[in-house]
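Comments concern the structure below.
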Amino acid sequence: MPSNPRGVVPLNWPELVEEATRRRKAEKMTQRQHAALAGVSIPTIVAFDRGERTLSLAKAFDILQVVGLIEASSMEGVQETFVREAFNRWRELTVPLPENSPGRLPHGWYRIDYALEGDLKSMGLRQFRDVLEASTVRHTGWPLFLFFKRPELAPYEIDEALECWLRPEDAGASRSWGDAVHCDFWRVAPTGRALTIRGYTEDGQETFPPHTILDTTLPTWRIGEAFLHAEKLAGFLAVDAAKINVRMRVLYTGLSGRVLRSWANPLADLFVEGRGARSDEAMLETVVPVSEINAGLAKHLQPLISSLFERFGVSGLTTDKIESELIRMRSKYLSPI
2 MPSNPRGVVP LNWPELVEEA TRRRKAEKMT QRQHAALAGV SIPTIVAFDR
52 GERTLSLAKA FDILQVVGLI EASSMEGVQE TFVREAFNRW RELTVPLPEN
102 SPGRLPHGWY RIDYALEGDL KSMGLRQFRD VLEASTVRHT GWPLFLFFKR
152 PELAPYEIDE ALECWLRPED AGASRSWGDA VHCDFWRVAP TGRALTIRGY
202 TEDGQETFPP HTILDTTLPT WRIGEAFLHA EKLAGFLAVD AAKINVRMRV
252 LYTGLSGRVL RSWANPLADL FVEGRGARSD EAMLETVVPV SEINAGLAKH
302 LQPLISSLFE RFGVSGLTTD KIESELIRMR SKYLSPI
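If you want it as structure tokens, here you go:
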């Protein structure tokens, strides 16, 4: 038994469950209503009432938050749990792959996660599937959260969310590529949480070796797509989209050994060249009101892209240059990238 010099009291799970059910009954709330408000299934709320410990921490937090046993300020921790569980799931899926498989994203990857903060409607996974498909933003040839309908590629239900993983061997089913660029993984929940992991488009080209450049245009396009996806999803899920914020984070890995270069769009206003990356990772974070995404996206992207470019010794990026790239991105199918 480990010592406890700081006097931290261990979590009494049965007592916590008992208090949660007592508060629910005091508020004359049914199990079905509690489940709907927490964004979990009826079997999940029943398992919680039984004191089962097989529930994920994210689900337990959602249930406890409804009855005031988790402070609203702790919701950021719920997103952390969602991201951790989704990321661990991706790692589990890729472990059986051969060591040199492109599905492992061996040259690095970037991860985007966001959470819709505010009053959201309750929605089952069957209805949510249609909503999520309708939220796809098709400004590029390979958009984020791409939604296939073929059974072997279609999203599937897991942990009260929809998940998709495109394996290298799926290339023969409906794709002509089997590289890391197209081995997407994503997970999105009806509670307004989303995560996607991708390899770098730059690493799938024949004109230069992988792990050598980071393009100047693609970060603006991809993060811009993520915000537009969040905006569309909020339009379906929010009680009032004007009162919803999007908390977004972007993690870039495998930057060491790369230089910043204009490649995807050599004629773009973002024609800048940078030195080698100063660090191997970059974490970008922001909170943006949904009401400001459509007209003010460039303003909110500018500090994020600037922070990324500074890792390569590039400064002075203006909002006007970001806006120019967003205009190009929003011109549908300008590029297959």
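In the working numbering, the protein residues as written are 2 to 338. All C-beta atoms in this analysis are idealised placements derived from N, C-alpha and C, irrespective of residue type, glycine included.
Original post:
How would you write the range of the alpha helix (DSSP H) that T45 sits in, first residue to last?
Top reply: I43 to D50 is the span of the alpha helix (DSSP H), which, as asked, contains T45.
**OP:** Select from A235, L70, L98 and T55 the residue whose C-alpha is nearest the C-alpha of D160.
**Re:** Of the candidates A235, L70, L98 and T55, the one whose C-alpha sits nearest the C-alpha of D160 is T55.
Original post:
Quick one, are the C-beta atoms of T192 and L121 less than 8 Å apart?
Top reply: In this structure, L121 lies closer than 8 Å to T192 by Cβ.
Original post:
Straight-line CA distance for Q206 to A265?
Top reply: In this model, Q206 and A265 are separated by some 11 Å (Cα to Cα).
Original post:
Can the beta-carbon of L327 be found less than 8 Å from the beta-carbon of L305?
Top reply: If you check the CB distance, L327 and L305 do not come in under 8 Å.
Subject >> Pairwise C-alpha distance: R127 and K233 >> reply: In this structure, the straight-line span from the alpha carbon of K233 to that of R127 is close to 18 Å.
**OP:** With a cut-off of 8 Å on the beta carbons, I'd call L256 and G109 a contact; round off their distance for me.
**Re:** Contact annotation, L256 with G109: C-beta distance approximately 7 Å; criterion of less than 8 Å satisfied.
Subject >> Exposure label - T319; buried when at least 16 CB within 10 Å >> reply: So T319 counts as exposed.
Original post:
Using 8 Å as the threshold, is the region 99-116 in touch with the region 187-203, meaning 3 or more CB pairs across them?
Top reply: The region 99-116, when compared against the region 187-203, does touch it at the 8 Å Cβ threshold.
Original post:
What separation, rounded to the nearest whole angstrom, lies between the Cα atoms of A249 and A227?
Top reply: Going by the sequence as given, residue 249 is Met instead of Ala. Their backbone Cα atoms lie some 9 Å apart in a straight line.
**OP:** For the alpha helix (DSSP H) holding V132, just list the boundary residues, first then last.
**Re:** Segment L126 to A135, the alpha helix (DSSP H) holding V132.
Subject >> C-beta contact flag for H57 and E86 at 8 Å >> reply: The amino acid at residue 57 is misidentified as His; the sequence shows Ser. Annotated as proximal: S57 and E86, with beta-carbon spacing under 8 Å.
Subject >> Whole-angstrom distance between R25 and R33, CA atom to CA atom >> reply: The straight-line gap separating the alpha-carbon atoms of R33 and R25 is approximately 11 Å.
Original post:
Should E203 be labelled buried (16 or more other beta-carbon atoms within 10 Å of its own) or exposed?
Top reply: E203 is buried by the Cβ-count criterion.
Original post:
Who are the Cβ neighbours of N246 in its own chain at under 8 Å, not counting the five residues just before and after it?
Top reply: For N246, where only same-chain residues beyond five positions count, the Cβ hits under 8 Å are L117, E118, G119, V288, V289, P290 and V291.
**OP:** Pull up the distance between the alpha-carbon of L252 and that of Q303, whole angstroms please.
**Re:** Their backbone Cα atoms lie some 16 Å apart in a straight line.
Original post:
In its own chain, which residues sit with a C-beta less than 8 Å from the C-beta of L65, not counting the 5 before and 5 after it?
Top reply: So the qualifying residues of the chain are L17, A21 and I71.
**OP:** Count the other C-beta atoms from every protein chain shown that fall within 10 angstroms of the C-beta of S177, then say buried if there are 16 or more, exposed otherwise.
**Re:** Note on S177: pLDDT 48, under 50, position unreliable in the model; no value is reported.
Original post:
If we count the other Cβ atoms within 10 Å of its Cβ and call it buried at 16 or more, is E19 buried or exposed?
Top reply: For E19, the number of other beta carbons within 10 angstroms of its own is below 16, and it is reported as exposed.
Original post:
Apart from the five residues on each side of it in sequence, which residues of its chain come closer than 6 Å, Cβ to Cβ, to F149?
Top reply: Setting aside the 5 residues that flank it on each side, F149 is surrounded in the same chain by A155, each with a C-beta closer than 6 Å to its C-beta; the list follows chain order.
**OP:** Following the continuous alpha helix (DSSP H) through A195, name the residue where it begins and the one where it ends.
**Re:** Not the alpha helix (DSSP H): A195 falls in the beta strand (DSSP E), residues R194 to G200.
Subject >> Proximal residues to F83 (C-beta, below 6 Å), its chain only, five neighbours per side dropped >> reply: Correct list, in chain order: A59 and R194.
**OP:** Just mark M284 as buried or exposed, buried being the case when its beta carbon has 16 or more other beta carbons within 10 Å.
**Re:** When all chains shown are included, M284 counts as exposed.
**OP:** Go ahead and label S316 buried or exposed: buried means 16 or more other beta carbons lie within 10 angstroms of its beta carbon, across all protein chains shown.
**Re:** Counting C-beta atoms within 10 angstroms of its own C-beta, S316 has fewer than 16 neighbours from the protein chains shown and is therefore classed as exposed.
Original post:
Going by beta carbon distance, what residues of the same chain come within less than 7 Å of G225, once the five residues before and after it are set aside?
Top reply: If we look at G225 and ignore the five residues flanking it on each side, its Cβ neighbours are L298, L302, L327 and M330.
Subject >> Backbone CA spacing between A36 and A296 [nearest angstrom] >> reply: Rounded to whole angstroms, A36 to A296 spans 36 Å at the Cα level.
Original post:
Taking just the CA atoms, how far does S42 sit from M223?
Top reply: Residue 223 is actually Arg in this sequence, not Met. The alpha-carbon separation between R223 and S42 amounts to approximately 32 Å.
Original post:
Terminal residues of the continuous beta strand (DSSP E) containing T287?
Top reply: A283 to P290 is the span of the beta strand (DSSP E), which, as asked, contains T287.
Original post:
Where do the ends of the beta strand (DSSP E) carrying L117 lie?
Top reply: DSSP places L117 inside the beta strand (DSSP E), whose first and last residues are W110 to E118.
Subject >> Distance, S102 Cα to W166 Cα >> reply: Their Cα atoms are separated by approximately 14 Å.
Original post:
Shortest alpha-carbon distance to T254 belongs to which of F237, A235, F209 and L215?
Top reply: Looking at the Cα atoms, L215 is the closest of the given residues.
Subject >> Proximity winner among P15, L163, G142 and T31, relative to R51 (alpha-carbon distances) >> reply: It is P15 whose Cα lies nearest to the Cα of R51.
**OP:** Report the residue from R130, F88 and V182 whose alpha carbon sits nearest the alpha carbon of E158.
**Re:** R130 is the residue among R130, F88 and V182 whose C-alpha sits nearest the C-alpha of E158.
Original post:
In the structure shown, what three-state DSSP assignment does L98 receive?
Top reply: In the three-state DSSP reduction, L98 falls in the coil class, being neither helix nor strand.
Original post:
Sorry if obvious, but does the Cβ on I323 come closer than 7 Å to a heavy atom of the ligand MN?
Top reply: What this structure holds is no ligand at all, so the ligand MN is not there to describe.
Subject >> C-beta contact flag for T217 and L261 at 8 Å >> reply: Taking 8 Å as the cut-off, the beta carbon of T217 is found closer than this to the beta carbon of L261.
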